[in-house]
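To keep things clear, I will list the structure first and then write my remarks on it.
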Amino acid sequence: MTTKIAPSILSADFSIMGETIKKLEKSGADLIHCDVMDGSFVEPITFGGQMIKNIRPLTKLTLDAHLMIEHPKTQIKFFADAGADIITVHYKACKKISDTYLEETLKLIKSYGVKCGAVVNPDVPVENIFPVFPLCDMVLLMSVYPGYGGQKFISEVMEKIKKARAYAVQIGRPEMDIEIDGGVTLDNAAEIRAAGANVLVAGSAVFNAPDIKAAIQKLKA
């Protein structure tokens, strides 16, 4: 299965975002990971759909909108209209509202012709989102607690990756994208891929590297 690298622009210099997006595309990135935080579901506030709308004309790469927000259903149309190619929403944020809110939100995303995905934090069993796997184009497993970049990978998540891949195979979706976000480095990327993840979100590992293109290629290799 092809490994895809999704640099997280949360770690980029916002003052030169347009230049950075173009550089990432030339450097072999496969997706642009956009961490949207509302200051409520997680403490920080990052950016909203306007950022995605502004960078959409600059690249043909997949724009991966990771919504770390309360009440995600209210924001789906905005992010779809802004040009997001895939929108992922958190199980925990949805569960707080109702048992059916996650499924409803995923269906709403797809109604706009956008791919969708469910997200679980490190302390949430991946089995909790098995019921919505058939709806998902991607599942995102957080390997750190959301909110801040530069955290260390939580090794226990490796087992969750294996379970997610095994279940995807079980339901006839062996090529399903399984994304890992948090603490991905050159030291652990091979093990993460071997466990079954094929989309690696990388922030510090890309943007703190002296050569972005070389870092992306090493993560893939």
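Take the numbering used here: the final residue in the sequence shown is number 221, and no numbers are missing along the way. We put the beta carbon where it would ideally sit given N, CA and C, even for glycine.
Assigned secondary structure, Leu102 (DSSP; H/G/I helix, E/B strand, else coil): Working through the sequence shown from its first residue, we reach residue 102 at position 102. If DSSP states are grouped into helix, strand and coil, Leu102 belongs with the helices.
Where Asp181 falls: helix, strand or coil (DSSP): The residue you call residue 181 lines up with position 181 of the sequence shown. Looking at Asp181 - three-state DSSP - the assignment turns out to be strand.
Continuous beta strand (DSSP E) stretch holding Val132: start and end: Counted from its first residue, the sequence shown places residue 132 at position 132. Per DSSP, Val132 belongs to no beta strand (DSSP E) and is neither H nor E.
The stretch 169-188 / the stretch 129-136 touching (three or more Cβ pairs under 8 Å): yes
C-alpha distance - Val201 paired with Leu67, whole-angstrom precision: Within the sequence shown, residue 201 is the residue found at index 201, counting from 1. Within the sequence shown, residue 67 is the residue found at index 67, counting from 1. Approximately 14 Å, taken between the alpha carbons.
Residue from Val184, Asn208 and Ile178 with nearest C-alpha to Asp137: Position 137 of the sequence shown holds residue 137. Selected option, being the one with the closest Cα: Ile178.
Cβ-based neighbour list, Lys26, same chain, cut-off 8 Å, excluding 5 preceding and 5 following: Along the sequence shown, read from residue 1 onward, the residue named residue 26 stands at position 26. The answer, listed in chain order, is Lys213.
Environment of Ser143 [buried if 16+ CB atoms lie within 10 Å]: Taking the first residue of the sequence shown as 1, we reach residue 143 at position 143. Counting Cβ neighbours within 10 Å, Ser143 comes out buried, since at least 16 surround it.
CA-to-CA distance, Ala166 to Glu159, given in whole angstroms: Numbered from 1 along the sequence shown, position 159 holds the residue referred to as residue 159. Numbered from 1 along the sequence shown, position 166 holds the residue referred to as residue 166. Cα to Cα, Glu159 sits roughly 11 Å from Ala166.
Best match in Val89, Glu103, Ile45 and Val184 for proximity to Leu140 [C-alpha to C-alpha]: Locating residue 140 in the sequence shown gives position 140, counting from the first residue. Ranking Val89, Glu103, Ile45 and Val184 by Cα distance to Leu140 puts Val89 first.
Environment of Ser8 [buried if 16+ CB atoms lie within 10 Å]: Within the sequence shown, residue 8 is the residue found at index 8, counting from 1. By the 10 Å Cβ count, Ser8 comes out buried.
Cβ neighbours of Met110 in the same chain (closer than 8 Å, five flanking residues each side left out): Within the sequence shown, numbered from 1, the residue matching residue 110 stands at position 110. Per the sequence shown, residue 110 should be read as Lys rather than Met. If we look at Lys110 and ignore the five residues flanking it on each side, its Cβ neighbours are Cys116 and Leu135.
Distance between beta carbons of Ala194 and Val206, contact taken as under 8 Å: Counted from its first residue, the sequence shown places residue 206 at position 206. Counted from its first residue, the sequence shown places residue 194 at position 194. The Cβ separation is near 21 Å, so there is no contact.
For Glu127, the nearest candidate out of Lys23, Gly113, Ile161 and Asp64 (CA to CA): Taking the sequence shown and counting its residues from 1, one reaches residue 127 at position 127. Looking at the Cα atoms, Ile161 is the closest of the given residues.
Same chain, Cβ closer than 7 Å to Asp13, neighbours up to 5 away in sequence not counted: What you label residue 13 is simply residue 13 of the sequence shown in a count that begins at 1. Cβ neighbours of Asp13 beyond the five flanking positions: Thr20.
Those residues which DSSP pairs with Ala6 across a bridge: Taking the first residue of the sequence shown as position 1, residue 6 is located at position 6. In DSSP, Ala6 forms a bridge with Val201.
Simplified DSSP state of Asp35, which is helix, strand or coil: In the sequence shown, residue 35 corresponds to position 35, counting from 1. Correct three-state label for Asp35: strand.
Span separating the alpha-carbon of Leu225 from that of Val184: An answer regarding residue 225 cannot be provided, because it is not within the stretch 1 to 221 covered by the chain.
Residue closest to Gly39, alpha-carbon to alpha-carbon, out of Val157, Ala118, Ile76 and His71: On the sequence shown, residue 39 is found 39 positions in, with the first residue counted as 1. When each option's Cα is compared against that of Gly39, the closest is His71.
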